[in-house]
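My numbering applies: residue 2 is where the sequence shown begins, and numbers increase by one.
Here a beta-carbon is modelled for each residue, glycine too, at the ideal position from N, C-alpha and C.
Encoded as structure tokens, the structure appears first; notes follow it.
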Amino acid sequence: MKAFAVPCILVLMLAGCARDRGVQAAEQQNARAVTTEAAQPRDVRRDIDIVGTLAAREEVVVSAEVAGRVARLARDLGDRVTAGAPLVELDQEKLRYRADAQRAALDQARARYGATGSGELPPLERVPEVVSTAAKLSDAQQRLDRAKSLAARKLLPQSDLDAAQTSVDTARAAHEQALASARQLRADIEAQGSSLRLAEREVRDATVRAPFEGYVAERLVSLGQFVQPQTPVMRIVRLHPLKVTAEVPEKFAPWIETGREIALRVDAFPGQVVHGRVVRVSPAVSLKSRAFAIEGEVPNADGRLKPGTFARVQITTDHVDRAITIPAAAVQSRYGTNRVFLVQQGRLAGREVILGDRVGDRVEVTQGLDAGVTIVAKDVEQLTDGMKVKPAQGS
């Protein structure tokens with residue numbers, strides 16, 4: 002009887018082992034294949050992520066320099082303009098009349114002075130009145146010299162000699178008066194020339210022009226409106242390059258300097274990155290925000306980026322730390338918490354982690370994960386604690 006019982010027990014034991022192996026094989030076959038990775042420290046270059054605001058590199062409100070009625074709007078809102086392009090034209094009729102009157106007065110004065118054309122004024126000695134009085138003075142002097150010669154030989158009465166001297170004195174006085182008049186006329190000509198140039202300048206200023214290349218951001222006058230000097234007519238902005246302003250926390254001050262590269266992203270163009278550089282760094286930290294201001298510069302030749310837009314800015318630095326990083330796809334985010342899944346003896350164990358900076362497609366783990374542990378590297382959204390898993394092929 003005993004001899005019969007032993008074989009039966011052995012048969013039952015073998016059957017049980019076979020059944021266990023079958024269950025294990027079935028469980029292994031039903032286990033979910035996952036891609037795993039061992040968490041290891043890596044060198045992490047610290048880039049600074051901040052939020053900034055785009056602003057025009059230059060912005061100016063262009064004003065009228067002369068009074069007049071708006072006769073033509075050469076540009077309007079959104080138009081691109083080049084430096085010197087006309088923006089607003091004022092009525093020039095009265096200004097041209099004034100310039101013509103100044104030109105006529107100048108021509109008359111130049112004619113009295115003896116100047117021809119519009120060249121340089123001749124010297125005072127060539128002014129017609131001066132030439133005439135100089136000739137009379139020379140003639141009177143010659144007569145006086147002859148009278149003195151005759152009087153010395155007792156051939157001319159003293160009264161005639163006195164008359165000759167009086168003629169010379171009179172001629173000299175007339176000549177000096179002519180020189181004085183010529184000097185005054187020359188000064189008048191220069192003043193009238195300045196008045197003419199001013200009148201011509203006012204004619205030119207009746208056309209308000211763009212001070213630099215850019216875009217019309219705002220039109221401030223209407224056709225037919227009468228404007229006075231200093232009346233704003235248009236606002237012009239320069240959009241290339243574009244300026245980005247932002248504040249950087251004070252702890253990053255040692256990492257920031259001019260010339261640092263920046264990468265800029267805006268919601269209007271998702272997935273697109275615009276590269277630029279830091280051009281200015283404030284030397285002072287704000288007492289309110291405990292941050293310091295920076296200015297960056299980014300290209301915007303096509304004008305698609307708009308001033309006033311919020312932008313996400315990443316500043317490249319040379320600062321490197323040693324930190325544990327994992328694929329961003331390894332993080333399951335639920336209800337404000339982040340966790341990863343550790344693989345322990347073929348089952349998953351969820352662990353909450355605290356994340357740091359994102360580095361490309363990886364993210365830094367500052368707390369909750371030790372180096373060397375094996376985690377699921379991707380496709381974690383449907384995973385749960387205790388789930389049976391197996392390494393995927395190539396993992």
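1) Are the beta-carbon atoms belonging to V209 and A65 less than 7 angstroms from one another?
2) Can the beta-carbon of A148 be found less than 7 angstroms from the beta-carbon of L162?
3) Determine, using beta carbons only, whether V381 and F342 come nearer to each other than 7 angstroms.
4) Measuring only the C-alpha atoms, how far is D386 from L349?
5) Three or more C-beta pairs under 8 angstroms: does that hold for the stretch 79-87 against the stretch 253-264?
6) Pairing CB atoms from the stretch 262-272 with CB atoms from the stretch 216-225, are three or more of them under 8 angstroms?
7) CA-CA distance, K391 and E38?
8) Under three-state DSSP, which class holds G387?
9) In this structure, how does DSSP classify A378 when only helix, strand and coil are distinguished?
10) Quick one: what's S334 bridged to in DSSP?
11) Quick one: what does DSSP say S64 is sitting in, helix, strand or coil?
12) Do you know offhand how far A207's Cα is from G69's?
13) Rounded to whole angstroms, what's the CA-CA distance from R291 to A312? Just pull it up for me.
14) Going by C-alpha to C-alpha distance, which of V366, R363, G347, E365 sits closest to A32?
15) Quick check: the Cα distance between L122 and A116, rounded to an integer number of angstroms?
16) Rounded to whole angstroms, what's the CA-CA distance from T367 to L356? Just pull it up for me.
17) Mind checking who D44 pairs with in its DSSP beta bridge?
18) Output the distance between the C-alpha atoms of G194 and E262, rounded to the nearest integer angstrom.
19) Alpha carbon to alpha carbon, how far is A153 from E177? Give it in angstroms, no decimals.
20) Could you have a look at E296 and say whether DSSP puts it in helix, strand or coil?
21) Can you tell me where the beta strand (DSSP E) holding I1 begins and where it ends?
22) Taking the Cβ atom as the reference point for each residue, do A372 and P42 lie within a distance shorter than 7 angstroms?
23) Would DSSP call D101 helix, strand or coil?
24) Does the separation of the CB atoms of I51 and V249 fall below 7 angstroms?
25) Since L74 and L224 are thought to touch, with beta carbons under 8 angstroms apart, how far apart are those beta carbons, to the nearest angstrom?
26) Pick helix, strand or coil for K95, following the three-state DSSP scheme.
27) Return the chain-ordered ranges of every beta strand (DSSP E) run that is complete within the stretch 69-154 and spans a minimum of 3 residues.
28) Is the beta carbon of P328 less than 7 angstroms from the beta carbon of R359?
For this structure:
1) Yes, the pair counts as a contact, with Cβ atoms nearer than the cut-off.
2) Cβ distance < 7 angstroms, so A148 and L162 count as in contact.
3) Yes; because the gap between Cβ atoms is below 7 angstroms, this pair is in contact.
4) Their Cα atoms are separated by approximately 5 angstroms.
5) By the C-beta criterion, the stretch 79-87 is judged not to be in contact with the stretch 253-264, since fewer than 3 inter-stretch pairs fall below 8 angstroms.
6) Cβ pair count under 8 angstroms is below three, so no.
7) As the crow flies, the alpha-carbon of K391 is around 13 angstroms from that of E38.
8) Coil, per DSSP.
9) Taken through DSSP and simplified to helix, strand or coil, A378 comes out as coil.
10) Its beta-bridge partners are N339.
11) The answer is strand: DSSP assigns S64 an E or B state.
12) Those two C-alpha atoms are separated by around 8 angstroms.
13) So the alpha carbons of these two residues sit roughly 21 angstroms apart.
14) Shortest Cα-Cα distance from A32 to any of V366, R363, G347, E365 involves G347.
15) Rounded to the nearest angstrom, the two C-alpha atoms are 6 angstroms apart.
16) Straight-line Cα distance between these residues: approximately 6 angstroms.
17) Bridge partners of D44: R323.
18) Going from the Cα of G194 to the Cα of E262 covers about 55 angstroms.
19) If I take the Cα positions, the gap works out to 30 angstroms.
20) In the structure shown, E296 sits in a strand (DSSP, three-state: E or B).
21) Look at the range of the chain in this structure, 2 to 396, and you will see that residue 1 is not part of it.
22) In this structure, the beta-carbon distance from A372 to P42 falls below 7 angstroms.
23) The answer is helix: DSSP assigns D101 an H, G or I state.
24) Note that the C-beta distance between I51 and V249 is below 7 angstroms.
25) About 6 angstroms separates the two Cβ atoms, so the contact holds.
26) It is helical.
27) Runs of the beta strand (DSSP E) lying entirely within the stretch 69-154 and spanning at least 3 residues, in chain order: 69-74, 87-91.
28) The answer is no: Cβ separation not under 7 angstroms.
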